[in-house]
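There are 2 protein chains.
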Amino acid sequence: MSRGTELARIALLAKRFGGAHGLKGDARIDVGIGDDAAVLEPAAAPLVWTIDAQVEGTHFRLDWLGWEDVGWRSFMAAASDLAAMGAVPLAALSALALADEVDDAALDALARGQADAASTVSAPIVGGNLARGKETSVTTTLLGYADRPILRSSARVGDGLYLAGAVGMAAAGLLALERGVASAADPSIAACIQAWRRPRALIDRGLAMRGIASAALDISDGLSRDASHIAEASGVTLVVEEALLRARAAGTLTSAASLLGLDVLDLVLRGSGEDYALLVTSPSPIEGFDRIGVVESAASGSGSDTASGGLTLVRVDGTRAPVDPKGFDHFG
Amino acid sequence: MSRGTELARIALLAKRFGGAHGLKGDARIDVGIGDDAAVLEPAAAPLVWTIDAQVEGTHFRLDWLGWEDVGWRSFMAAASDLAAMGAVPLAALSALALADEVDDAALDALARGQADAASTVSAPIVGGNLARGKETSVTTTLLGYADRPILRSSARVGDGLYLAGAVGMAAAGLLALERGVASAADPSIAACIQAWRRPRALIDRGLAMRGIASAALDISDGLSRDASHIAEASGVTLVVEEALLRARAAGTLTSAASLLGLDVLDLVLRGSGEDYALLVTSPSPIEGFDRIGVVESAASGSGSDTASGGLTLVRVDGTRAPVDPKGFDHFG
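Protein chains in written order, with my numbering: chain P, 1 to 332; chain F, 1 to 332.
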């Protein structure tokens, strides 16, 4: 197991982050890796800024993911926050805490995954921090900009409720791994495992909703839990239609749910696998988003047994029921 | 041991970070804690951006530091990078990975230390991330701005070499703790331990050097190791005078070194205790900085036994010798 000195490892990272996916010719970046801090050209629009940490054992397990997957996923987790604000990604910093198990080959694979994700969302990694730790973690901070960032708190009664991206796929993939169901079992299982391993921040969809959507967030802990955040922040009730959710999940996810012995609706509402889909409220339809419901007043609740605000499900038979905002926990 | 839910803990942090030291009335901050990302007003100058992680066991030990100290130190470690660029701090994000030992009282103390440091450098904490981990770590990213950030790579032959802040104090404090020498042993030991526990990023000194200094960095791993970074990046040799270093360390540090049985010069050159002093090259003197030497061409080296570039020491007797760019390791 080969482990370079700290300086050699920083050089390895600088090569991966500044190389093929690089900084050269990027007019937005004045100073990249190698000084006390990175320097970016001033943006004309408000800055949108987020940080996300993925910790071994809590967010990833190496028997289920390669190091390149870990790098990719951790970057996309942070990038998804920018998508949810309707922001254009600008650049990223990466702070790595590395356990002894991470040799140079593993570090290089991790960095490749990060660099690929950075390239995919056009946010080069311009600096970072390297530390030793007993457990490995990858912390990513991303900066972007948006003329009018789309918040959670501005949903309006009467808006439609829209969804972009797969919801429940990653949770199904994670459950399959937990139960030892292999990708080879079925193409739908393979697709779900891949969705969990290689989520993709929906930056383009985030940009498509600019000027249209009233509120937005990214779904990482299940539709019901995350929807409750918009409902609370905006003081409204989000009403989703079971029929629309089921129609949307027809095909791969429904097959996978069936193979796993689950109701697909449970996966969509409560599956917590970090899909990084976008949940949006909007007065009009948005390219690439599916309508799944409507925004009602908080007082409307769910009829008689109302919890004010939150998420209400309209069942296929027309009855309404509040949805408990709980996701499955990580690793069951 | 009381541990709130994740939402309760985020509320606790939002209160600490947005409260007394707060965001309200800060025109630079559009959106703080509670949405997918923070939103800042665009800065007219280039952005200076850094991230630093402090990991339990590697960077701090709880038998030597309280949680409030951990919060303070981790914030100042990141802020010091902005000082070294001559940047004005703008805001910060904090990513916490918390082991089970961190109950709500500990978390509150940690957050108080962070908030105090944030207030001290006028960079409110506007968001972050909360995760579980087997070991606790505090990762801080800071944004600032500077019309002309001061890099490591622009030292010029003939410039003077200047230093601001205590160098070697924190290392002496750390060594005292490692050897079980208590604060009560001597006021100089107490001062050194306090310097290690509560370092202060020299933001004001960083601002004072704007428009004057040619190159700068912050000293966290000992003068010799960090000086070699400027020397390499700028392609020069930094020449320091032993007499000036000794004169500068007279008093507290010299007393502490004597009590610890160390040569004060070793502490100054090789003590790695994260002092967060600023090492600067400049064609003219700077308010609050002491001259300690001069910038020479890389070829000048140290005479016959030259290592090109790096740091050269002019001894009190006038002889010259290269200084090995090695610091003491953390925890000896």
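Just so it is clear, CB atoms sit at the ideal spot from N, CA and C, and this is done for glycine as well.
Using three-state DSSP, classify residue i as helix, strand or coil.
| i | result |
| --- | --- |
| Gly-71 (chain F) | helix |
| Val-102 (chain F) | coil |
| Phe-17 (chain F) | helix |
| Val-167 (chain F) | coil |
| Asp-116 (chain F) | helix |
| Leu-110 (chain P) | helix |
| Val-39 (chain F) | strand |
| Ser-302 (chain F) | Unreliable placement is indicated for Ser-302 (chain F), whose pLDDT of 48 sits below 50; the coordinate value is still reported in the next sentence. Here Ser-302 (chain F) sits in coil by DSSP. |
| Asp-290 (chain F) | strand |
| Ala-307 (chain F) | Because Ala-307 (chain F) carries a pLDDT of 47, less than 50, the predicted location of this residue cannot be relied on, and no value is offered for it. |
| Pro-187 (chain F) | helix |
| Trp-196 (chain P) | helix |
| Pro-94 (chain P) | It is worth fixing the name first, because residue 94 (chain P) is Ser in this sequence and not Pro. The answer is strand: DSSP assigns Ser-94 (chain P) an E or B state. |
| Thr-281 (chain F) | strand |
| Thr-139 (chain F) | strand |
| Gly-332 (chain F) | Annotation note: pLDDT 30 at Gly-332 (chain F) (below 50); position unreliable, coordinate value reported separately. Correct three-state label for Gly-332 (chain F): coil. |
| Arg-270 (chain P) | helix |
| Asp-52 (chain P) | strand |
| Arg-320 (chain P) | strand |
| Thr-312 (chain P) | strand |
| Ser-154 (chain F) | coil |
Residue i to residue j, Cα distance in whole Å?
| i | j | result |
| --- | --- | --- |
| Ile-193 (chain P) | Ser-183 (chain P) | 7 Å |
| Pro-187 (chain F) | Ala-176 (chain F) | 12 Å |
| Gly-332 (chain P) | Asp-116 (chain P) | Its pLDDT being 30, under 50, Gly-332 (chain P) is placed unreliably by the model, and the measurement read from it follows with that caveat. Rounded to whole angstroms, Gly-332 (chain P) to Asp-116 (chain P) spans 30 Å at the Cα level. |
| Asp-100 (chain F) | Leu-217 (chain P) | 29 Å |
| Ser-137 (chain F) | Ala-95 (chain F) | 8 Å |
| Met-209 (chain F) | Trp-49 (chain F) | 19 Å |
| Asp-266 (chain P) | Ser-119 (chain F) | 45 Å |
| Ala-97 (chain P) | Gly-180 (chain F) | 29 Å |
| Leu-207 (chain F) | Glu-287 (chain F) | 10 Å |
| Gly-57 (chain F) | Glu-135 (chain P) | 11 Å |
| Ala-307 (chain F) | Asp-159 (chain F) | Note on Ala-307 (chain F): pLDDT 47, under 50, position unreliable in the model; no value is reported. |
| Arg-205 (chain F) | Ser-74 (chain F) | 20 Å |
| Asp-324 (chain P) | Ala-213 (chain P) | 25 Å |
| Arg-152 (chain P) | Gly-165 (chain P) | 18 Å |
| Gly-303 (chain P) | Ala-171 (chain P) | Low per-residue confidence applies at Gly-303 (chain P): pLDDT is 48, beneath 50, and the placement is therefore not dependable, though the value from the model is reported in the following sentence. For Gly-303 (chain P) and Ala-171 (chain P), the distance between alpha carbons rounds to 30 Å. |
| Ala-92 (chain P) | Arg-320 (chain F) | 43 Å |
| Leu-223 (chain P) | Leu-279 (chain P) | 8 Å |
| Asp-329 (chain P) | Leu-238 (chain P) | Interpretation of Asp-329 (chain P) is limited by its pLDDT of 43, a score under 50 that renders its predicted location unreliable; no figure is taken from the coordinates. |
| Leu-245 (chain F) | Ile-230 (chain F) | 18 Å |
| Gly-335 (chain F) | Arg-9 (chain F) | The structure shown does not extend to residue 335 (chain F), since chain F is modelled only from 1 to 332, so the question has no answer here. |
| Ser-2 (chain P) | Trp-67 (chain P) | 16 Å |
| Leu-65 (chain P) | Leu-142 (chain P) | 23 Å |
| Gly-71 (chain P) | Leu-259 (chain P) | 30 Å |
| Asp-305 (chain F) | Ala-298 (chain F) | At Asp-305 (chain F) the pLDDT is 43, less than 50, meaning the model places this residue with poor confidence and gives no usable figure here. |
| Arg-200 (chain P) | Tyr-276 (chain P) | 7 Å |
| Val-157 (chain P) | Gly-4 (chain P) | 58 Å |
Relative to the C-alpha of residue i, which residue among the options is closest?
| i | options | result |
| --- | --- | --- |
| Val-167 (chain P) | P:Ser-2, P:Arg-315, P:Asp-290 | P:Asp-290 |
| Arg-315 (chain P) | P:Asp-275, P:Gly-288, P:Ala-243, P:Ala-91 | P:Ala-243 |
| Ser-282 (chain F) | F:Gly-71, F:Glu-135, F:Asp-63, F:Ala-155 | F:Ala-155 |
| Leu-62 (chain P) | P:Thr-5, P:Ser-300, P:Glu-178 | P:Glu-178 |
| Leu-174 (chain P) | P:Ala-84, P:Ala-92, P:Gly-71, P:Ser-220 | P:Ser-220 |
| Ala-84 (chain P) | F:Val-280, F:Thr-237, F:Ala-37 | F:Ala-37 |
| Arg-197 (chain P) | P:Ala-8, P:Asp-69, P:Met-76, P:Ala-92 | P:Asp-69 |
| Val-264 (chain F) | F:Glu-274, F:Phe-60, F:Ala-250 | F:Ala-250 |
| Ala-227 (chain F) | F:Gly-261, F:Ser-258, F:Leu-47, F:Ser-272 | F:Ser-272 |
| Asp-81 (chain F) | F:Gly-113, F:Gly-318, F:Ala-298, F:Thr-140 | F:Thr-140 |
| Gly-318 (chain F) | F:Glu-241, F:Arg-28, F:Glu-274 | F:Glu-241 |
| Leu-161 (chain P) | P:Gly-66, P:Gly-261, P:Ser-284 | P:Ser-284 |
| Glu-274 (chain F) | F:Leu-262, F:Met-169, F:Leu-163 | F:Met-169 |
| Ala-195 (chain F) | F:Asp-52, F:Phe-17, F:Met-76 | F:Met-76 |
Problem - Under 7 Å (Cβ pairs) to chain F, residues found in the segment 44 to 56 of chain P - result: So the list reads Ala-44, Ala-45, Pro-46, Leu-47, Val-48, Trp-49, Thr-50, Ile-51, Asp-52, Ala-53, Val-55, given in the order they occur along the chain.
Problem - Residues, ordered as in the chain, of the segment 203 to 215 of chain F that lie near chain P by beta-carbon distance below 7 Å - result: Of all residues in the segment 203 to 215 of chain F, none has a Cβ within less than 7 Å of some Cβ in chain P.
Practice task
Taking a Cβ distance cut-off of 8 Å, strictly less, list which residues of the segment 116 to 139 of chain P are near chain F, in chain order.
Solution key: Val-126, Gly-127, Gly-128, Asn-129, Ala-131, Arg-132, Gly-133, Lys-134, Glu-135, Ser-137, Thr-139
Practice task
Please determine if the segment 30 to 39 of chain F and the segment 118 to 128 of chain F are in contact, where contact requires at least 3 C-beta pairs separated by less than 8 Å.
Solution key: Contact between the segment 30 to 39 of chain F and the segment 118 to 128 of chain F is established, with three or more Cβ pairs separated by less than 8 Å.
Problem - Contact list for the segment 144 to 156 of chain P against chain F, Cβ threshold 7 Å - result: Pro-149, Leu-151, Arg-152
Problem - At least three beta-carbon pairs within less than 8 Å, the segment 139 to 150 of chain P to the segment 101 to 109 of chain P - result: no
Exercise for the section: Please determine if the segment 78 to 88 of chain F and the segment 38 to 53 of chain F are in contact, where contact requires at least 3 C-beta pairs separated by less than 8 Å. Expected result: Taking a contact to require three or more Cβ pairs closer than 8 Å, the segment 78 to 88 of chain F and the segment 38 to 53 of chain F qualify as touching.
Problem - Residues within the segment 23 to 43 of chain P neighbouring chain F, beta-carbon criterion of under 9 Å - result: Asp-30, Val-31, Gly-34, Asp-35, Asp-36, Ala-37, Ala-38, Val-39, Leu-40, Glu-41, Pro-42, Ala-43
Practice task
Quick one: which residues of the segment 266 to 299 of chain P get their C-beta closer than 9 Å to a C-beta of chain F? List them in chain order.
Solution key: none
Practice task
Check each residue of the segment 63 to 86 of chain F: if its Cβ is closer than 7 Å to any Cβ of chain P, include it; give the result in chain order.
Solution key: Asp-81, Leu-82, Ala-84, Met-85
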